[in-house]
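Q: Which chain is which? The protein sequence lines are A and B, in order. When we follow our numbering, the leftmost residue of the first sequence carries the number 397, and every step to the right adds one. When we follow our numbering, the leftmost residue of the second sequence carries the number 45, and every step to the right adds one.
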Amino acid sequence: MKEFDRVYNIALAGNPNVGKSTVFNSFTGMHQHTGNWPGKTVDNTQGEYIYNNAKYIIQDLPGTYSLNPNSAEEEVTCEYIKSGDYDVLVVVLDASCIERNLRFAVQILKAVSCKMIICVNLVDEAKKKGIEIDFEKMAELLGVPVVAAAARSGVGMTLLKERIAEAVSSEISFGNNINSESEINEKNIVKKCCKFTDKFTDKFDRKVDKYLISKKFGIPVMLVILAGIFWITIVGANYPSELLTGFFAYLGGKIKLFLNEIHCPGLLCSALVDGVYTTLTWIVSVMLPPMAIFFPLFTLMEDSGYLPRIAFNLDSLFRKANTHGKQSLTIAMGFGCNACGVTGCRIIDSPRERLIAIITNSFVPCNGRFPMLIAIISMFFVGAYGKWSSAFESLILLGLIILSVSVTLLMSKFLSGTFLKGIPSSFILELPPYRRPQIGKVIVRSVFDRTLFVLFRAIAVAAPAGLLIWVIANVKIGGISILAYCTEFLDPFAKMIGLDGAILMAFILGFPANEIVLPIILMIYLSNGTLSEIPDLVQFREILVQNGWTVSTAVCTLLFALFHFPCSTTCITIYRETHSRKWTAVSFLLPLAVGLAMCFLVNAVLSLI
Amino acid sequence: MTDAITTLNEASENDRCLICGVDDSLPVKGRLTELGFYEGAVIERLQVGSFGSPIACRVSGAVIAVRSSDAGKISVKVLR
């Protein structure tokens, strides 16, 4: 480790969605997630970079519109900016929306005496919109260095580093031109240094918005887009899934042979292969392909700027549920991961509405649950539809998603009518310009950061869980395995809600990670049976049917997969966000109660038919 | 009609509006000001969402959506 005698603190501040995280990533080489919507960064992130033998510690602050905080989180950011607890403050501005951004910069200059550098980002976008900026003039008027940048393509980043280096070493103070009585404001700066060559144009965005957020077509188009994403995921995942299953089955056989060859004790061999190996490979072959397709698609949507438009389309529904329109953004994040969705609820300012959004977040299925839903749907509901089956499958999945969002809305309304009474707060949403997603980057990042992360987490849980199941399935008391005791104990209760002991047991054991529920069900059934090969979906269906699965079981399992307790990571996150055991318990019990009630009713109705 | 003062939710699509005032009872008045909804600013009312809310407006170069109930507390003069 090299020691640096000079260490400087840099802070990145600015309005939401101006590209602070992109600058941050470009400096540090880190991969802080970026997305084209205001509120993407809710956490302070710290990173560092080396420039000219000095170390710079850089803080990526969440975006704020002004120094007058509107929420607790914003207050932390504003206090930090005001504290001057850094060597240089870099204020990132969006060139395409320069007046509003300058207002914030001027406000900081008037309120805080610190070394400040202005980075006017997105100049490429502004240019396309016909905005020309005289940066030298701006620097002169503001009395601080101004750097023009297009952080996404790396333009201006070296210059910005250089300016920061100059700023930390210089003794001169900045912002002399402006004090609190100064006449300078954003309007006269804009007048003096910006030229709007073409009458401000965002024709393309407005044209696209005519459809995507149209009064009539907004919601239908959104459903079509969602269905399309599901369809691509299902169709695209099929083949690699089969390939992987076949490969792992072949490899499993070889491993068994090899273990026999080296005279590995039969019991250990069985524990390793039938227990750990089967569970692990199942997760990889069934979970990995859909995740590796869904995550990038979702990130593309996020990158393009469509996400806030979803919030726009659905706001009326949320208003009727007495909650915040931004809840649809946290729901969308929940599709990726409920724990992320819960953290994302910080974008909601009102504490009451934020709590509702947190409690109801796990009503939407996360990525860990999607593959389970897809597998069950394809096994039990679409077998007979030939080449239309994947389209049909996506529609059923879409139906489930609509169901889960509807339940979210209903439960939100229920909460805001009972425990969390209140009127909906105002809702202001910025619709960012559409941006061409960085496709290559998105794919690489979402595969490496998200898919592999989720996969490793699943594997870390699955290996011991596989072993545990094998042990309790094989340790016998009085001729009956512990597992059989457990499942039999759960069975009568589980039957009431249309499941069976094995399924309920799998959901309980799947508390640390929902990804492992299906493989556990499989293992429990297999531990009583004779099959030892990893089955494909057709064989899997056979196994389930042999163990008493009917369409009604499948429906109830789907419903329970949608509505049960959130996974352990989500629960921990909820506690961290709410600091309340009571609300964590509510978040745990509410979806569980909904799931139990729904399964009970559906089972009762289906058994009448 | 030209000089009649109305509220933002009453304006029609693509109307350019001069903001005459924002009701003090609006809890987000401060935030709206920061975003460019202040007296004397000229904004452009764009589309409206699925069930009549929210209302998208072009404000100092950005597109901002407000709920129609909030827009009812912003009085504007439609410039024709």
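Each residue gets a CB set at the ideal place from its N, CA and C atoms; glycine is no exception.
1. Buried or exposed: where does A/T593 fall if 16 or more other Cβ atoms within 10 Å of its Cβ makes it buried?
2. Name, going along the chain, the residues of the segment 701-724 of chain A whose beta-carbon falls closer than 9 Å to a beta-carbon of chain B.
3. Is any beta-carbon of chain B found at less than 8 Å from that of A/C882?
4. If I follow the unbroken beta strand (DSSP E) through B/C101, where does it start and stop?
5. Can you list, in chain order, the stretches of the beta strand (DSSP E) that have 3 or more residues and sit fully within the segment 417-460 of chain A?
6. Helix, strand or coil for A/A546, going by three-state DSSP, please let me know.
7. Does DSSP put A/V982 in a helix, in a strand, or in coil?
8. Please list, in chain order, all residues of the same chain as A/G991 whose beta carbon is under 6 Å from its beta carbon, the five residues on each side excluded.
9. Would you mind reading off the limits of the alpha helix (DSSP H) that contains A/Q503?
10. Among residues of its own chain, excluding the 5 on either side of A/S800, which ones have a beta-carbon nearer than 8 Å to its beta-carbon?
11. Give the straight-line distance between the Cα atoms of A/G944 and A/A633, rounded to the nearest whole angstrom.
12. Pull up the DSSP beta-bridge partners for B/A115, would you.
13. Show which residues of chain B have a CB atom less than 7 Å away from the CB atom of A/N464.
14. Under the three-state reduction of DSSP, which class applies to B/K121: helix, strand or coil?
15. Distance cutoff 8 Å, beta carbons only. Does B/I108 sit that close to anything in chain A?
16. Regarding A/L537 and the ligand NAP, is the C-beta to nearest heavy atom distance less than 7 Å?
17. Exposed or buried, which one is A/T926 when buried takes at least 16 other CB atoms within 10 Å?
18. Round the Cβ separation of A/S821 and A/A717 to the nearest angstrom and send it over; I've been treating them as touching at under 8 Å.
19. Taking a contact to mean a Cβ-Cβ separation below 8 Å, would you say B/V92 touches B/I99 in this structure?
20. Compare the C-beta of A/R496 with all C-beta atoms of chain B and state if any pair is closer than 8 Å.
21. Which bits of chain B does A/S821 rub up against, with CB to CB less than 9 Å?
22. How is the alpha helix (DSSP H) around A/F592 delimited, first residue to last?
23. Quick one: what's got a C-beta closer than 6 Å to A/D520's C-beta in the same chain, skipping five residues either side?
24. Run through DSSP, which three-state label would A/N718 get?
25. For A/V414 and A/R832, I'd like the C-alpha separation in whole angstroms.
26. Could you check if B/D68 is buried or exposed, using at least 16 other CB atoms within 10 Å of its CB as the buried criterion?
27. Compute the beta-carbon to beta-carbon distance between A/V438 and A/P458, rounded to the nearest angstrom, for a pair I have assumed lies under 8 Å.
28. Hey, out of A/M687, A/T719, A/G649, whose CA is closest to A/S842's CA?
29. Quick one: using the 10 Å Cβ neighbour count with 16 as the cut-off for buried, is A/F694 buried or exposed?
30. Output the residue ranges of the alpha helix (DSSP H) runs that lie fully inside the segment 861-895 of chain A and measure 4 residues or longer, sorted by chain position.
31. What are the start and end residues of the alpha helix (DSSP H) that includes A/I727?
32. Measuring alpha carbon to alpha carbon, tell me which of A/I727, A/A880, A/L703, A/L793 ends up nearest A/T430.
33. Could you give the DSSP three-state label for A/D605: helix, strand or coil?
34. Taking A/N466 as the reference, give the member of B/V66, B/I118, B/K73, B/E83 with the closest Cα.
35. Report the CB separation of A/F420 from A/T441 in whole angstroms; it is logged as a contact under 8 Å.
36. Please classify A/Q942 as buried or exposed, where buried requires at least 16 other C-beta atoms within 10 Å of its C-beta.
A: The answer reads as follows:
1. exposed
2. P704, A707, F708, N709, L710, D711, S712, L713, R715, K716, G721
3. no
4. 99-103
5. 441-447, 450-456
6. strand
7. helix
8. F956, F959, H960
9. 494-507
10. F759, V760, P761, L958, F959
11. 28 Å
12. Bridge partners of B/A115: none, in fact.
13. G74
14. strand
15. yes
16. For the structure depicted, the ligand NAP is absent and the ligand set is empty, with no information on it obtainable.
17. Low confidence applies to A/T926: its pLDDT is 45, below 50, so where it sits in the model is not reliable, and the reading given next is rough at best. With fewer than 16 other Cβ atoms within 10 Å, it is exposed.
18. Incorrect: roughly 13 Å between the Cβ atoms, too far for contact.
19. yes
20. yes
21. P71, V72
22. It is not in any alpha helix (DSSP H) - A/F592 instead sits in the beta strand (DSSP E) that spans 590-592.
23. A546
24. coil
25. 15 Å
26. exposed
27. 6 Å
28. A/M687
29. buried
30. 878-892
31. 723-732
32. A/L703
33. helix
34. B/K73
35. 7 Å
36. exposed
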